[in-house]
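Colleague: Counting in the numbering used here, the sequence shown runs from 4 upward without gaps.
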Amino acid sequence: MKNIKSIAGVALLAMMATTSHAAKSVTVGELQGFTGPLESMIGAMSGGANLAVTEANASGKFLQGTINVVQGDSVCIDPAVAIAQAEKMVNEDNVMAIMGPNCSGNTIAVIEGVIVPNGIVSISPSATSPAIDALDDGGFFFRTAAPDTKQGPMLAKVAMARGQTDMAVTHSNSDYGKALADAFVAAYEGMGGTVTVFSAHEDDKADYSADVAALSAGGSATLAVLGYADTGGRGIIAASEDTGAFTDYVFGDGMISEVTSGAIADGSWGAKPSPSAELQAAWEVVATAGGVDGKGVYSGESYDAMALIILAAQAAGSTDRAAIQAEVMNVANAPGNKCHAGKLGECLKMISGGLPVDYVGATGVELDAVGTPNGSYAEQEVIAGAFTTVTVHN
4 MKNIKSIAGV ALLAMMATTS HAAKSVTVGE LQGFTGPLES MIGAMSGGAN LAVTEANASG
64 KFLQGTINVV QGDSVCIDPA VAIAQAEKMV NEDNVMAIMG PNCSGNTIAV IEGVIVPNGI
124 VSISPSATSP AIDALDDGGF FFRTAAPDTK QGPMLAKVAM ARGQTDMAVT HSNSDYGKAL
184 ADAFVAAYEG MGGTVTVFSA HEDDKADYSA DVAALSAGGS ATLAVLGYAD TGGRGIIAAS
244 EDTGAFTDYV FGDGMISEVT SGAIADGSWG AKPSPSAELQ AAWEVVATAG GVDGKGVYSG
304 ESYDAMALII LAAQAAGSTD RAAIQAEVMN VANAPGNKCH AGKLGECLKM ISGGLPVDYV
364 GATGVELDAV GTPNGSYAEQ EVIAGAFTTV TVHN
């Protein structure tokens with residue numbers, strides 16, 4: 004499948020501590036939607052995840068040897084495919100943990116069908132449905148992306164501040180789309196906003212003209228699109244632009260893509276998860292040096308998800324899945340020595356020396372009791388044909 008490959012850690016990096024250390028290797032699964040509705044985002048996300056692996060391998064400080072990555076395509080919105088890929092990783096590839104999945108529906112299915120039954124850690128960089136926090140995951144699931152209960156109210160607050168007091172709202176008919184839309188609409192109406200039409204759209208349809216006609220019947224010139232940039236969301240935008248139905252758009256994080264910004268005029272805006280300006284700038288330096296698009300949506304969260312797996316395994320001193328699970332919260336949260344993106348070698352050395360670490364990473368990781376971060380969001384406006392950060396909202 005497109006963009007899928009098996010990555011052998013970063014070659015046999017010499018400078019291992021001993022001959023026996025050099026001979027050892029471990030495998031981590033990378034379960035992402037390489038094809039499907041997030042395809043245009045996955046390059047930066049996968050790049051971020053594999054940069055953490057490259058960095059750890061290059062340091063020679065990971066006690067379990069060379070880290071290899073096996074990739075699986077979840078296609079994002081097909082739970083059966085995601086489960087099959089996860090089962091292969093667990094049963095055939097013998098991965099010590101899984102970085103991913105991405106989309107919320109697939110993530111829920113993988114948690115219930117693979118993660119819990121097999122007792123293996125999964126850390127998602129982008130699954131944002133609030134429903135995930137209510138699952139009985141046995142403590143094996145974590146995420147580095149904040150839930151939609153945070154993003155929805157932020158979108159509503161910014162919309163009202165921009166004077167967008169009425170709009171139509173459409174969302175992907177998925178766990179992600181519905182959860183984000185419900186959170187947004189509740190907050191927006193609570194602030195005095197008017198939703199003229201509220202409807203779901205199916206992904207991968209050939210024609211969205213009827214959807215757009217129904218949405219525009221409410222009379223608003225503004226449309227909020229809370230879906231996926233590479234499937235239904237793109238179709239909605241294309242139909243709207245073809246007919247002139249809407250002149251202004253508001254986007255959720257799943258729409259922040261050059262696919263979207265290249266199809267509309269300047270002035271529309273959306274939100275994507277983002278750390279503080281200081282952390283984002285630091286991450287972009289690290290990412291650029293590693294050949295990764297540090298401005299890509301969820302690129303930093305992907306680096307952090309993989310880094311947490313690596314550091315937890317180091318703290319466990321083992322590839323035992325339960326032992327890794329027991330260490331994730333310990334390395335993710337305070338107290339401890341601050342551990343930043345680009346410094347994984349130093350972090351691994353501290354852990355092997357018996358020192359506690361507090362992983363800050365690319366995005367300022369700090370997890371709550373169920374393994375979810377609070378998160379902050381960048382307000383991004385389309386300027387000169389590209390999404391550009393205007394400000395960051397905590």
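Heads up, the beta-carbon is just placed ideally off N, CA and C, and yes, glycines get one too.
Values in this document were obtained by computation on a predicted structure and should not be read as measured data.
#1: Under 8 Å: do the segment 339-358 and the segment 255-274 share three or more Cβ pairs, one atom per stretch?
#2: Quick one: residues in its chain with C-beta nearer than 7 Å to the C-beta of G320, no 5 flanking neighbours on either side, listed in chain order?
#3: Do you know offhand how far T263's Cα is from Y231's?
#4: Can you list, in chain order, the residues of its chain with a C-beta nearer than 6 Å to that of Y313? Leave out the 5 residues immediately preceding and following it.
#5: Which of the three DSSP states is assigned to T246 in this structure?
#6: Between V395 and chain C, is any beta-carbon pair separated by less than 7 Å?
#7: Determine the direct distance from the alpha carbon of S43 to that of N397, and round the result to whole angstroms.
#8: From the DSSP output, which residues share a beta bridge with A274?
#9: For L229, which option in G116, S49, G257 has the closest C-alpha, if you only look at C-alpha atoms?
#10: Taking Cβ positions, are C79 and L138 nearer each other than 7 Å?
#11: Is the Cβ-Cβ distance between A182 and P104 less than 7 Å?
#12: Would the beta-carbon of A162 be found less than 6 Å away from any heavy atom of the ligand FAD?
#13: With a threshold of 8 Å, are at least 3 pairs of Cβ atoms found where one atom belongs to the segment 201-215 and the other to the segment 235-254?
#14: Note down the Cα distance separating V117 from A308, rounded to an integer number of angstroms.
#15: Quick one: using the 10 Å Cβ neighbour count with 16 as the cut-off for buried, is D178 buried or exposed?
#16: Pop quiz: D296 and G50 are said to be a contact at Cβ under 8 Å. What is the actual Cβ separation, rounded to whole angstroms?
#17: Could you tell me if L351 is buried or exposed, where buried requires 16 or more neighbouring beta carbons within 10 angstroms of its beta carbon?
Modeller: Taking the definition as stated:
#1: no
#2: L66
#3: 10 Å
#4: In the sequence as presented, Tyr is not what sits at residue 313; that position holds Ile. Taken in chain order, the residues that qualify are A59.
#5: helix
#6: Among the protein chains of the structure shown there is no chain C, as only one such chain exists.
#7: 26 Å
#8: E382
#9: G257
#10: no
#11: no
#12: Ligands in the displayed structure: none, and consequently the ligand FAD is not present.
#13: yes
#14: 18 Å
#15: buried
#16: 7 Å
#17: buried
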